[in-house]
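Reviewing the structure listed below.
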Amino acid sequence: MSTATSTDLAPDVTAHKRTAGRTWLSIALGLTTAVWLVPIIAAVYTSLRPFNETAAKGYFSAPDTLNFDNYVTAWTQANLVQYFLNTLYITVPAVVITLFLSSMVAFGLSRYSLKFNVILLMLVTAGNLLPQQTLITPLFRMFLAIPLPEWLSDSGLMYDSYFGIAVIHIAFQMGFCTFVLSNYMKAISKDLTEAAVVDGASVWRQYWSVILPLTRPALAALGTLQFTWIYNDFFWARVLMASGDKRPITSALDSLQGLYFTDNNLIAAGSVLAAIPTLVIFIALQKQFIAGLTLGSSKG
Amino acid sequence: MAAALGAAAIPGLAACGDSSESAGDGAATGGATSASGGGDLGTVTLGSNYSDEVPREALADALSSFGGEVDVNTVDHNTFQEQINSYLQGRPDEVFAWFAGYRMRFFADQGLATPITGVWDEIGDQYTDGFKQASTGDDDEQYFVPFYYYPWGVFYRKSVFEENGWEVPTTADDFEALCQDAQGAGLVPIAFGDSDGWPAMGTFDYFNLRTNGYDFHVNLMAGEESWESDEVRDAFENWARFLPYHQEQALGRTWQDAAQTLVSGDAATYVLGMFVGQQFPDEERDDLDFFLFPEVNPEFGQDTIEAPIDGFMLSTGVENEEGAMALLAHLGSAEAQQAYLESDPNNVGANSDVDTSGYNALQTKAEELVSGSDHITQFLDRDTRPDFASTVMIPSLQSFIENPGDVASLQTEIEQQKTAIFDS
Amino acid sequence: MSSETTLTTAPRADFEDDPPPTRSRWSLLSGTDRAVVWSMVLLPLAVHVAFVWVPAMASVVLSFTDWNGISEIGWIGGQNYVDATTIYPLFWPAIAHNVIWLAVFFLVATPLGMFLAVLLDKEVAGTRFYQSAIYLPVVLSLAVIGYITQIFLAPEQGMINSALDLDIDWLGNSSINLWAVLVFASWRHAGYVMILYLAGLKGVDPVLKEAAQIDGATQSQTFFKVVFPVLRPINVVVLVITVIESLRAFDLVYVINGGINGLELLSVLITQNIIGEASRIGFGSALAVMLLVVSMIVIVPYLFITYRDMQEA
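Residue numbers (our numbering), protein chains in the order written: chain X, 381 to 680; chain P, 3 to 426; chain Z, 624 to 936.
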């Protein structure tokens with residue numbers, strides 16, 4: 381309907397103006413994008429040059445040598461594979477479990493009028509917005525005090541374990557996910573669950589087989605976002621992980637600076653490598669990401 | 003993997019964490035562990051901050067002749083230092099790398115380290131009294147095995163001094179004349195980079211030591227002298243006199259970048275630790291030399307040298323006590339230190355029996371100057387409470403560098419915070 | 624349980640004519656189902672409370688002590704708060720820096736992100752590429768961004784000084800380094816706001832915009848009079864994220880110089896006091912509580928507004 385009316389009423393002038401406008405728009409966006417990419421291109425450019433060259437000529441100079449040596453060195457010497465694996469052990473379970481737990485809470489709070497409904501939702505959302513530093517001391521003590529079985533943690537404690545780092549991410553990120561998911565679920569038509577109720581489906585079945593599949597876009601968006609956040613976090617692992625070889629890549633990268641000699645170009649190469657996974661995930665899920673991230677804005 | 007490529011010597015990247023043989027990823031960790039037959043000593047865990055490529059491999063060399071197995075957990079030096087408190091209260095390795103001085107005594111006092119008097123019975127006669135003193139806690143027990151030290155001094159290029167016809171200055175006046183000369187020649191008189199905050203501590207220490215002497219330094223660091231005193235004011239004022247000769251914009255420059263100006267011959271001198279040598283290309287290292295910080299107050303002359311000692315301690319989480327003690331004794335032996343210094347000749351061995359015939363010129367000079375000094379200090383952040391050094395002194399010295407005109411109010415600020423921290 | 628079972632089956636016959644009113648089916652649930660719902664809500668929440676709120680509250684308690692993390696805990700009342708606000712020279716500068724950070728985000732980075740989202744929402748050719756590029760800084764870890772600031776701002780080798788032949792100490796001069804860092808922080812924040820806002824815009828019914836334009840409204844009128852009000856919920860989200868990100872700002876300055884010399888922020892001071900070798904836990908906790916209180920001043924009204932809207936909806 382809308383298309384029909386607008387073409388009917390839009391005179392040629394407007395159409396013309398609109399085309400001109402779109403050209404300007406493209407130019408503006410193109411320029412912004414170019415400016416936006418300059419720092420990243422600069423980082424990549426530097427990572428392709430040897431340290432001695434930039435030390436002598438400065439970063440803003442024409443290259444004598446461009447090669448992937450820094451990447452090769454970073455990959456082989458910095459033991460990046462191990463750090464990528466560490467990140468994988470922490471990030472993947474953390475994202476999956478955060479989404480799972482948050483979706484349950486969101487389901488309960490958005491589909492039923494429980495007592496303290498709003499208060500619980502506020503509690504969990506507010507918790508997510510607290511600065512990390514405000515929790516860290518007591519958290520550290522708790523992590524030291526909580527024993528874990530050997531198969532979960534080779535340190536025998538929450539402290540210095542993949543499990544512990546994953547748990548704090550889950551507890552912390554649950555707030556944001558619950559908030560988004562409950563908005564999303566509220567917008568899902570009640571008729572759907574009513575139909576399931578009529579079929580005698582249990583609450584769990586309604587959640588698992590009806591609501592959860594419908595929430596998929598939001599889950600995809602949150603998954604992307606959470607993956608980026610947890611992947612890029614360096615605070616928790618820095619404080620709660622003692623073994624150097626169990627740190628995730630982001631914390632490990634931060635410590636690439638040598639005590640007596642720092643090769644920035646090499647760090648650049650390592651950093652670029654470290655950024656690839658989040659980049660790939662974003663580009664792959666970009667469409668779902670935007671679609672799912674409506675945050676319940678105008679649907680509710 | 004890292005070991006195989008060790009020749010490429012990129013210290014930065016090898017840094018953190020590729021350690022812990024027991025995790026089974028031996029390929030990635032190369033030489034970090036001594037694989038020698040096991041013996042009766044079993045396995046000892048060692049928490050190490052020797053994270054750069056050169057020291058990491060050198061430590062492995064030092065461990066290779068140990069009669070037991072060592073499981074090394076390497077954490078990058080910054081994080082290691084930052085986390086030491088929680089590390090020692092968490093699940094520490096049995097033996098851990100640390101520093102002499104107040105920093106050692108602090109953890110001994112808190113009961114986070116185990117006395118190793120038995121080890122000292124074994125190695126004590128190979129150390130001078132100064133080292134033993136630096137290894138002793140407030141309860142008169144030893145907690146620390148010295149490994150190596152590195153002096154701080156005024157570094158310069160011999161060729162630059164020759165070209166300009168400069169002599170090594172021994173007094174502040176000579177030094178100032180040299181600085182003026184250097185300025186005239188278009189050189190930076192004193193290279194300076196303090197973006198990390200700690201390099202300025204060395205400069206302050208020297209002005210304070212030369213102005214007020216060793217005892218005052220010790221008492222000031224212990225919180226017993228007032229930062230509002232005339233002595234502290236004089237130390238700052240003497241520094242202020244030299245500040246115009248320091249490289250400008252120091253707060254935005256890392257010490258490595260500052261060192262590059264010495265390497266390139268654009269700076270005449272640089273007040274830093276011996277590790278500055280690592281910034282020099284191998285073939286030019288012979289041109290590097292240093293002298294004692296010049297005399298400011300004739301009463302104290304050049305009687306004190308700042309020479310921080312690094313070494314090892316025993317944590318409270320010890321399971322294999324016999325092995326851990328043996329490892330500490332091993333690390334304290336001339337043999338182990340010599341093995342270390344062969345791969346990392348930027349330090350000087352702490353054990354008196356270390357064979358000095360293999361030392362390079364810089365090491366020899368360092369050994370001479372240190373053994374010829376009446377007093378040895380550790381470094382501001384090793385001679386005082388760590389909370390005071392990091393949260394008060396770093397910002398205060400930086401604010402002095404930016405605004406040397408207002409020493410009085412700076413002194414008051416430091417004293418107020420010192421009182422709050424030392425009284426708690 | 625049996626009575627509930629009957630109730631759940633009861634509406635079956637007439638559900639088509641008379642669907643139960645929204646969110647009132649609680650009374651229709653069986654006992655098992657109720658237990659399931661409660662556990663679905665309460666078990667995850669227990670994890671959240673245990674690892675987030677319990678430590679946060681414990682921090683409040685610790686702020687009244689002189690604990691150094693090792694020795695006995697001594698109670699010293701509000702002394703830490705007095706010390707922080709009177710004799711800690713970095714405290715007020717840190718507050719000021721947080722406020723500047725907030726102002727720049729609020730006045731520059733956030734509006735810029737919103738503006739970019741509006742442009743991208745027009746879907747000219749290549750939009751996918753543009754939006755990926757602008758979002759890119761958000762994906763990067765701070766190690767990269769901290770490093771990038773070095774490439775650009777280092778005094779001798781840095782791109783800006785050598786390209787423009789300047790001699791400015793971007794990162795070392797404490798009167799300008801905060802602003803230099805804010806350029807990079809805004810670079811990242813604008814991308815973040817852009818993606819959130821773009822998602823919001825995609826949710827706006829196109830009919831609304833069409834209708835406004837038919838009525839002769841200009842582009843900007845359409846946006847401010849029609850679209851912006853509809854986006855109120857997401858405006859609030861963006862606002863809060865802006866405020867919280869300003870209060871939580873930490874990573875970037877910490878990577879650049881550890882947050883000293885003009886780059887002090889409240890979060891950095893807490894970290895320096897609590898985490899480092901220093902371990903002034905009592906004092907650091909007092910700083911943390913002050914940050915907590917400021918955060919709550921922002922968070923609580925926001926939550927009230929949001930959830931009041933939700934209940935009305």
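Backbone N, C-alpha and C define an ideal beta-carbon position, used for all residues, glycine too.
Cross-chain neighbours of residue i in chain X, by beta carbon under 7 angstroms
i                         : result
leucine 926 of chain Z    : Met502, Thr505 and Ala506
threonine 894 of chain Z  : Gln513
methionine 817 of chain Z : What methionine 817 of chain Z touches in chain X: nothing, since even the nearest Cβ is about 10 angstroms away.
methionine 782 of chain Z : Ala422, Tyr439 and Phe440
Beta-carbon proximity check, residue i vs residue j, cutoff 7 angstroms
i                         : j                         : result
leucine 330 of chain P    : valine 74 of chain P      : no
alanine 193 of chain P    : leucine 264 of chain P    : yes
proline 778 of chain Z    : glutamine 262 of chain P  : no
valine 504 of chain X     : glycine 536 of chain X    : no
aspartate 540 of chain X  : methionine 621 of chain X : yes
tyrosine 152 of chain P   : methionine 276 of chain P : yes
glutamine 340 of chain P  : valine 356 of chain P     : yes
methionine 203 of chain P : aspartate 383 of chain P  : yes
leucine 48 of chain P     : aspartate 95 of chain P   : yes
isoleucine 656 of chain X : tyrosine 770 of chain Z   : no
glycine 881 of chain Z    : isoleucine 897 of chain Z : no
glutamate 233 of chain P  : asparagine 221 of chain P : no
histidine 720 of chain Z  : alanine 551 of chain X    : no
For residue j and residue i, the rounded distance between their alpha carbons
i                         : j                            : result
leucine 524 of chain X    : aspartate 289 of chain P     : 51 angstroms
arginine 931 of chain Z   : methionine 737 of chain Z    : 25 angstroms
isoleucine 774 of chain Z : aspartate 346 of chain P     : 30 angstroms
leucine 653 of chain X    : isoleucine 118 of chain P    : 45 angstroms
alanine 600 of chain X    : glycine 672 of chain X       : 7 angstroms
asparagine 450 of chain X : asparagine 645 of chain X    : 7 angstroms
alanine 786 of chain Z    : phenylalanine 381 of chain P : 40 angstroms
valine 860 of chain Z     : glycine 267 of chain P       : 56 angstroms
alanine 813 of chain Z    : threonine 865 of chain Z     : 10 angstroms
alanine 187 of chain P    : isoleucine 421 of chain X    : 40 angstroms
alanine 909 of chain Z    : arginine 58 of chain P       : 39 angstroms
arginine 159 of chain P   : cysteine 181 of chain P      : 14 angstroms
valine 863 of chain Z     : alanine 872 of chain Z       : 14 angstroms
valine 273 of chain P     : phenylalanine 440 of chain X : 30 angstroms
glutamate 308 of chain P  : alanine 352 of chain P       : 14 angstroms
aspartate 323 of chain X  : glutamate 433 of chain X     : Residue 323 of chain X cannot be examined here, being either before or after the span of chain X that is shown, 381 to 680.
Other residues of its chain near residue i: CB distance less than 8 angstroms, five sequence neighbours each side excluded
i                        : result
glycine 254 of chain P   : Ser197
glutamine 185 of chain P : Pro191 and Tyr247
valine 409 of chain P    : Arg235, Phe238, Glu239, Ala242 and Phe402
Cβ neighbours of residue i in the same chain (closer than 7 angstroms, five flanking residues each side left out)
i                        : result
valine 590 of chain X    : Leu572, Thr573 and Ala576
aspartate 689 of chain Z : Gly697, Ile699 and Gly905
glycine 126 of chain P   : Lys134
Contacts of residue i in chain X (Cβ-Cβ under 8 angstroms)
i                     : result
valine 664 of chain Z : Met484, Val485, Gly488, Leu489, Leu494 and Leu500
Contact test: residue i Cβ vs the ligand NAD heavy atom, cutoff 6 angstroms
i                        : result
aspartate 268 of chain P : With respect to small molecules bound, the structure shown includes none, and the ligand NAD cannot be examined in it.
Chain-ordered neighbours of residue i on chain P, where CB pairs are closer than 9 angstroms
i                         : result
isoleucine 898 of chain Z : Glu84, Gln85, Asn87 and Ser88
serine 533 of chain X     : Within chain P, no residue comes near serine 533 of chain X; the closest Cβ sits about 11 angstroms away, beyond 9 angstroms.
Chain P residues whose Cβ lies nearer than 8 angstroms to that of residue i
i                      : result
leucine 537 of chain X : Gly92 and Arg93
7 angstroms Cβ cut-off: residues of chain Z touching residue i
i                        : result
glutamine 418 of chain P : Ile710
Chain-order list of residues whose beta-carbon lies under 6 angstroms from that of residue i (same chain, five-residue window excluded)
i                         : result
isoleucine 470 of chain X : Tyr542, Ile545, Ala546 and Pro628
valine 121 of chain P     : Met327, Leu330 and Ala331
serine 918 of chain Z     : Leu870
Residues that residue i contacts on chain X, provided the C-beta gap is smaller than 9 angstroms
i                        : result
glutamine 251 of chain P : Simply none; closest approach about 16 angstroms.
asparagine 75 of chain P : Ala622, Ser623, Gly624 and Asp625
Given 8 angstroms, three or more beta-carbon pairs between the segment 877-887 of chain Z and the segment 708-727 of chain Z:
Yes, they touch.
If contact is defined by three or more beta carbon pairs under 8 angstroms, each pair taking one atom from either stretch, is the segment 846-865 of chain Z in contact with the segment 671-689 of chain Z?
Counting Cβ pairs under 8 angstroms, fewer than three are found: no touch.
Do the segment 842-850 of chain Z and the segment 754-772 of chain Z meet, that is, are 3 or more Cβ pairs less than 8 angstroms apart?
Under the 8 angstroms Cβ criterion, the segment 842-850 of chain Z does not count as touching the segment 754-772 of chain Z, having fewer than three qualifying pairs.
Is the number of C-beta pairs between the segment 505-516 of chain X and the segment 581-590 of chain X that are closer than 8 angstroms three or more?
The segment 505-516 of chain X makes no contact with the segment 581-590 of chain X: fewer than 3 CB pairs, one atom from each, lie closer than 8 angstroms.
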